[in-house]
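**Q**
Number of protein chains: 2
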Amino acid sequence: MAAVNDHQDIKREKILEASHQRFLHYGYSKTTMNEIAGDLSMSKALLYYYFPDKSQLYIAVMRKLANDYIKNLEEHIDTFANLKDAFVFQINTNHDFIVSNYNFFDFFRLNEQNLPDTIWEIVEQVHLAELNLLSRAIKTEIERGAIKPVENPEEIIDLLLDALHGIKVSAVSQKKVNFPRKEHLDEIHTKRLLLIDIFIKGLMY
Amino acid sequence: MAAVNDHQDIKREKILEASHQRFLHYGYSKTTMNEIAGDLSMSKALLYYYFPDKSQLYIAVMRKLANDYIKNLEEHIDTFANLKDAFVFQINTNHDFIVSNYNFFDFFRLNEQNLPDTIWEIVEQVHLAELNLLSRAIKTEIERGAIKPVENPEEIIDLLLDALHGIKVSAVSQKKVNFPRKEHLDEIHTKRLLLIDIFIKGLMY
DNA sequence: TTTTGATAGTTTTGTTAAAAAAGTCAGGAA
DNA sequence: TTCCTGACTTTTTTAACAAAACTATCAAAA
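If you're matching them up, the sequences are chains A and B in order.
Be aware that the first sequence starts at -4, since it is given in our numbering, and climbs by one per residue.
Be aware that the second sequence starts at -4, since it is given in our numbering, and climbs by one per residue.
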């Protein structure tokens, strides 16, 4: 019984890996179920034995990516010397994640408006993990007496996460590029560090 | 000669006003040249005598709005008690502008990426006006000794404007739309005020 | 110079048919 | 019983094209 499920899980994993590669390389709409099946030398029908439909398969891949990302964040909770270090870690991790999976997210760009709720749940989970990591850090910092107590630390973190997101968007939307080029990456990074620096000082006594 | 040009200018103004009302109420794509002409009891052909095409007409309206906006900013330069007041003024002015011209900007929502360069020039002019207002304010504040001297005040202002922009983007992407809905605008406004509050404290001694 | 009706040209919209891809299922193999 | 497939059906995408709506032009009149 366990052996059977193990086997199922292994197969599922293989499908997820192959799907990830396809989605990452060609995007959602340019990937067909036949191609994924072909990569694994199996029939398309078998994919439907393991996953109910294409979008669910995509979502399963996304959930896996998100879980890895979240796990990484959780492993680093309460490991920072100060609030700034926590933010620097979050910025780097998030950035790497977006960059290395950029093409995978064409699903978002295509569907734009009406994404399945499950997707938003995953996005929300990721956001909560970031929020959690940084909230712990800000609370620790408050306890340490390094910054002023605030009645709602989560709100403050949320605000700064929004602001950091804006730094990327502004740098990118300054003309017709969908994604930051290598020469922009350092600029974005520097700007974010500067923002954090000022922001955190604004929280101090 | 001068009378003739005056008359032309007046007519142009009338066309711009009527166009503004149409664009504001129905948006760019749901406004036809026939309707604008009808509002003014003139032939559609006459519109083409005064403006080369529909998009140029739209841009002319936008330029007028932008010029009024910029003029308003310039009139308030150096009239603030402190840096925060300057930022609050900028945020409020910007907020009012977006709210009262909300439907007008559906042109942006439709075209998304590939807008004519002229549009971006206008956006840049507005940005420069904001930058100028706030740079003057931050320099004054530094001279006054209220905040720490920085080697490049414009850079700091630019950073904060980016962050403020990010507040909009994040609020939007959470709600699954490309452009903020009216009901989000107040939320964005509140968050922005909170952000500048913390940010400015971060600039103090 | 200003204005317009008529009309030319272009974009959008709606329709349809073929192609491609998603998704299903009866039945065979392990 | 679980895993797997080929053949099949259904749905979606694409292309082609005609009709409609709209933008844009122009000769001629006021």
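All C-beta atoms, glycine included, are put in the ideal place defined by N, C-alpha and C.
Chain B beta carbons: is any one of them nearer than 8 angstroms to that of K186/A?
**A** Yes, K186/A lies at the interface with chain B (some Cβ there is under 8 angstroms from its Cβ).
**Q** Can you tell me whether Q51/B is buried or exposed, with buried defined as 16 or more other CB within 10 angstroms of its CB?
**A** Counting Cβ neighbours within 10 Å, Q51/B comes out exposed, since fewer than 16 surround it.
**Q** Buried or exposed for Y64/A, please, with buried defined as at least 16 other CB atoms from any protein chain shown within 10 angstroms of its CB.
**A** It counts as buried.
**Q** So I10/B and L42/B are supposed to be a Cβ contact under 8 angstroms. How far apart are they, rounded?
**A** The Cβ separation is near 6 angstroms, so the contact holds.
**Q** Take every Cβ of the segment 83 to 97 of chain A, pair it with every Cβ of the segment 180 to 193 of chain A, and state whether three or more of those distances are shorter than 8 angstroms.
**A** Yes, since at least three Cβ pairs between the segment 83 to 97 of chain A and the segment 180 to 193 of chain A fall closer than 8 angstroms, the two stretches touch.
**Q** Is I72/B helix, strand or coil by DSSP?
**A** In this structure, I72/B counts as coil in the three-state DSSP scheme.
**Q** Pull the bridge partners of M199/B from the DSSP assignment, please.
**A** M199/B pairs with I142/B.
**Q** Just checking: is the beta-carbon of F100/B within a distance shorter than 8 angstroms of some beta-carbon in chain A?
**A** With 8 angstroms as the cut-off, F100/B does not count as an interface residue toward chain A.
**Q** Within 10 angstroms of its Cβ, does K39/B collect 16 or more other Cβ (buried), or is it exposed?
**A** Counting Cβ neighbours within 10 Å, K39/B comes out exposed, since fewer than 16 surround it.
**Q** Should V(-1)/A be labelled buried (16 or more other beta-carbon atoms within 10 Å of its own) or exposed?
**A** Low per-residue confidence applies at V(-1)/A: pLDDT is 48, beneath 50, and the placement is therefore not dependable, though the value from the model is reported in the following sentence. Flag for V(-1)/A reads exposed.
**Q** With a threshold of 16 other CB atoms inside 10 Å of the CB of G161/B, please say whether the residue is buried or exposed.
**A** With 16 or more other Cβ atoms within 10 Å, it is buried.
**Q** Beta-carbon separation of L180/A and F99/A under 8 angstroms?
**A** No, the pair does not count as a contact, with Cβ atoms beyond the cut-off.
**Q** Exposed or buried, P148/A, counting other C-beta atoms within 10 Å across all chains shown (16 or more means buried)?
**A** Burial call: buried.
**Q** Can you find the residues in the same chain that come closer than 8 angstroms, C-beta to C-beta, to K79/B, ignoring five residues on each side of it along the sequence?
**A** Once the five neighbours on either side are set aside, the close Cβ partners of K79/B are I191, D192 and I195.
**Q** By Cβ distance, which residues of its chain are closer than 6 angstroms to T26/B, with the 5 residues on each side in sequence left out?
**A** These residues qualify, in order along the chain: R17 and F18.
**Q** Using a beta-carbon distance below 8 angstroms, is D157/B in contact with chain A?
**A** Taking Cβ atoms only, chain A reaches closer than 8 angstroms to D157/B, which makes this a yes.
**Q** Determine the closest residue to D48/B out of H2/B, I31/B and A141/B, with distance taken between C-alpha atoms.
**A** When only C-alpha atoms are compared, the closest one is I31/B.
**Q** Who are the Cβ neighbours of L155/A in its own chain at under 6 angstroms, not counting the five residues just before and after it?
**A** Closer than 6 angstroms at Cβ, skipping near neighbours: F194.
**Q** Can you list, in chain order, the residues of its chain with a C-beta nearer than 6 angstroms to that of V172/A? Leave out the 5 residues immediately preceding and following it.
**A** Note that V172/A scores 49 on pLDDT, short of 50, meaning its location in the model is unreliable and no value can be drawn from it.
**Q** Would you mind stating whether L129/A and F82/A have Cβ atoms separated by less than 8 angstroms?
**A** Contact: yes.
**Q** Are A158/A and F75/A closer than 8 angstroms when you measure CB to CB?
**A** In this structure, F75/A does not lie closer than 8 angstroms to A158/A by Cβ.
**Q** Is it the case that the Cβ atoms of M199/B and I151/B are separated by a distance below 8 angstroms?
**A** No, they are not a contact pair.
**Q** In chain B, which residues lie with their C-beta within 8 angstroms of the C-beta of I162/A?
**A** Those are L154, D157, A158 and G161, listed as they occur along chain B.
**Q** Consider the Cβ of L190/A: report whether some Cβ of chain B lies at a distance smaller than 8 angstroms.
**A** At least one chain B Cβ lies under 8 angstroms of L190/A.
**Q** Under a Cβ-count criterion, where at least 16 other Cβ atoms within 10 Å of its own Cβ denotes burial, should K163/A be classed as buried or exposed?
**A** Per the 10 Å Cβ criterion, buried.
**Q** In chain B, which residues lie with their C-beta within 9 angstroms of the C-beta of G197/A?
**A** Within chain B, the residues near G197/A are D192, I193, F194, I195, K196, G197, L198 and M199.
**Q** Of all the options E138/A, P144/A and I114/A, which has the alpha carbon lying nearest to the alpha carbon of L212/A?
**A** Since the first residue shown for chain A is -4 and the last is 200, residue 212/A is missing from the structure and cannot be characterised.
**Q** Around the Cβ of E136/A, are there at least 16 other Cβ atoms within 10 angstroms (buried) or fewer (exposed)?
**A** By the 10 Å Cβ count, E136/A comes out buried.
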